[in-house]
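Chains as they are written, first to last, in our numbering: chain C, -15 to 395; chain E, -15 to 395. Notes follow the structure.
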């Protein structure tokens, strides 16, 4: 067996999908259930139909294209939503290479012992109410109290966005009941980091996926007139946040080198030129592939925040907004992907994924593996996201071989 | 001559004015030309009319109540606009004590050799396009290129807000031509700082008013995925801003102790949990009563920003958004206020005003003096702004005596 994907068809699909949600400010803005996403969903269903796959959408808006077969289902895919002003490869390469794999398998009429499905999961990027809405609904691992009726990050409540797509909170909560029994899940994705490019390797095989904690944090001091309040009498909430962020970065670098922290968003209030900030609200993202590091780093950073607050006469508040556990890919699946990569004559590198992926969520119900391909400069979530089509072809052929292995007798 | 103000009438006026623009989120929100301000303006004109003062509004919406007399005009007042969620004394005490002074002078039929006017200046707080729109228009010192047609800080263009008040860009630009010849300007105001309260003095006599530079600044780095980009490879614009703010505060405290700096507003983009900030936009307010310090501190801070940018691999950008020069109150006017304060048997303290005031702007065309009264805890621009009515009575009697002195033969 040496069947190969048609990279020309994959490229045509990726470029066609990239037309939905082009943003005049740069890149692609295609949050789930936006008008651009609804159009892209219709386009994707047409592609599935064109490939003679049985198309199904579950109650969370996850879209499946199925090639019927006996036994459990081998699932492969990713997501087609994007961050605002994102790139054209994050997510889309996973869905559209999986589609090509199923097309090729169907064209070759391979006799497989599994059903196959390509999937596009809803809102992987968390533009609405947090990451992984679709794969969490699919696996029945939604966080408690999904805020369906509160304004989502796009402004409109999730329940209204769902209604636009013919869905509802009840259908989201019930989505996991429609799920077929999953034998394994595979996801091809861009690395979103610089390691493959630096190593000159076209393929990364993911061993572990980092877990993360998202916290919403605040320092609360006192708003004062910036023209009349001496520096030493101020309780400046921004300076507390600045101190925490700088010292936190040093703490993570020195004591938790296998961890990362990011303060990605911050706002000050009252928020004018001449008023000492009385309050700084900011986000804190901490990650590690080690559950122990994630826990220790979180504890150390909260202690640091309390220390900064005490020293500066302000108060520190925080609450956990989202969390995922670190995941270890089953060694047998890593080995299978490495064997097939060798068979293709491609160099590969074992990697830890610092970014979260649907595979991390699906791992709760089935063995889940990931194939990375390089992206230029490690850049993603940005208009400048770029790949080499040769790398994608290698990754897609690996995905094809792995799907066939997992769906063959004796697997 | 020992006439006194009626503090009961002043209090009644201040409390009545405070009903316009009560904000459910706390305090008073009465930006110039808001609905609340338009109602407050109508109320103020009624008070002027009730006091039999000739009421006039100039092309910038500055409102005057005139007591006719020979020669140049002695002007006293302040402003009735507030910051969002501000207090009920900032500005209002200056306008309403001046009104009471003119009422008392009229009631006593004092034979004066000057015309007297009470004034309420438009948008002292700079809620629209920058501080002191009204007093700058009055004195003919508007900054170049007032952004009449761009969205103001309230969202609507200034020209639309002006139209709501029957005004226009042309009328603002021409306002200074309607101005009477001003002999002197006096402004009573809350201190907006803690010094009078700490000294137990009911009256502050302002010797100098700080100048300021407002800059809009940015650090531009590179947005990266917060889960995949090692800390040492990041070009985090927020950490640059944090570093600059902390080191800037230390620099000002050590090298420019007669200066102040405030970073009051900051926003990060793209601005999400998991993305390293590629850009930090923030405001920088620097102040000093010394023109030399203002210049040197500005130069040192810009050099520091460049140094931080170079060390962190980011770019620093800034532009001057507004500037006022430090003002020294004429010594003769300070002496006159001190003599009258002594005559009233009140302790006074000479002060520098760290906050800007319309008096600073009016000083371009006439001798301008300021009387401060304490505010509780030094708090202002906040719902908790509070005064002692006894202090205000002393301040108002001082204002009354000073107006009479300035408007008398031989002054």
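Backbone N, C-alpha and C fix where the C-beta goes; we use that ideal spot for every residue, glycine too.
Contact list for residue i against chain E, beta-carbon separation under 8 Å
i	result
residue 76/C	Per Cβ cutoff of 8 Å: no residues; residue 76/C is ~17 Å from chain E at best.
DSSP bridge partner residues for residue i (one or two, in chain order)
i	result
residue -12/E	Partner(s): none; residue -12/E has no beta bridge.
residue 246/C	269/C
residue 203/E	264/E and 300/E
residue 41/E	47/E
residue 105/E	63/E
residue 196/C	271/C and 308/C
residue 166/C	57/C
residue 6/C	12/C
residue 174/C	357/C
residue 208/E	260/E
residue 99/E	57/E
residue 188/C	333/C and 356/C
residue 70/E	12/E
Own chain residues within Cβ distance below 6 Å of residue i, not counting five before or after
i	result
residue 109/E	65 and 67
residue 352/C	169, 343 and 346
residue 244/C	271
residue 278/C	195 and 272
residue 85/E	383, 384 and 387
residue 117/C	106 and 107
residue 183/C	333
residue -13/C	88 and 92
Cutoff 7 Å; reference residue i; Cβ partners in own chain excluding five residues on either side
i	result
residue 218/C	208 and 260
residue 332/C	185, 187, 188, 189, 322 and 325
residue 314/E	351
residue 31/E	-3 and 83
Residue interval of the beta strand (DSSP E) (run including residue i)
i	result
residue 381/C	From DSSP, residue 381/C is part of no beta strand (DSSP E) but of the alpha helix (DSSP H) over 373 to 390.
residue 356/C	351 to 357
residue 330/C	First-last for residue 330/C: undefined, no H or E at that position.
Partners in chain E for residue i, counting only beta-carbon separations shorter than 9 Å
i	result
residue 211/C	176, 177, 194, 196, 244, 246, 269, 271, 337, 338, 339 and 340
residue 365/C	207, 208, 209, 254, 256, 258 and 259
residue 236/C	215
residue 362/C	208, 209, 212, 213 and 217
residue 68/C	254 and 256
Contacts that residue i makes with chain E (C-beta to C-beta distance below 7 Å)
i	result
residue 265/C	Going along chain E, no residue has its Cβ under 7 Å from residue 265/C, so there is no contact; the nearest lies around 11 Å.
residue 278/C	Residues of chain E passing the Cβ test: none, with the nearest at roughly 12 Å.
residue 233/C	215 and 223
Spatial neighbours of residue i in its chain, beta-carbon cut-off 8 Å, leaving aside the 5 residues before and after
i	result
residue 293/C	203, 224, 299 and 300
residue 393/C	97
residue 57/E	50, 98, 99, 100, 101, 164, 165, 166 and 167
Start and end residues, alpha helix (DSSP H) containing residue i
i	result
residue 79/C	76 to 92
residue 343/E	342 to 346
residue 34/C	19 to 34
residue 221/C	221 to 239
residue 117/C	117 to 123
residue 131/E	Neither: residue 131/E is in no alpha helix (DSSP H) and is coded neither H nor E.
residue 146/E	142 to 148
residue 183/C	179 to 183
residue 155/E	153 to 158
Proximal residues of chain C, C-beta to C-beta of residue i below 8 Å
i	result
residue 7/E	Under the 8 Å cutoff, chain C gives no residues; its nearest Cβ is about 12 Å from residue 7/E.
residue 227/E	226 and 230
Near the ligand GDP: residue i beta-carbon under 7 Å from a heavy atom
i	result
residue 391/C	No copy of the ligand GDP occurs in the structure displayed, which carries no ligand at all.
Partners in chain C for residue i, counting only beta-carbon separations shorter than 7 Å
i	result
residue 222/E	229, 247 and 250
For residue i, the nearest candidate out of the options (CA to CA)
i	options	result
residue 212/E	177/C, 240/C and 211/C	177/C
residue 215/C	221/E, 229/E, 206/E and 216/E	229/E
residue 320/C	373/C, 284/C, 334/C and 130/C	334/C
residue 200/E	275/E, 181/E, 289/E and 310/E	289/E
residue 205/C	7/C, 87/C and 296/C	296/C
residue 12/C	242/C, 250/C, 69/C and 20/C	69/C
residue 241/E	247/E, 363/E and 276/E	276/E
residue 129/C	305/C, 391/C and 366/C	305/C
residue 34/C	16/C, 281/C, 90/C and 62/C	90/C
residue 72/C	380/C, 377/C and 363/C	363/C
residue 327/E	125/E, 172/E and 381/E	381/E
residue 227/E	264/E, 193/E, 95/E and 7/E	264/E
residue 262/C	266/E, 280/E and 248/E	248/E
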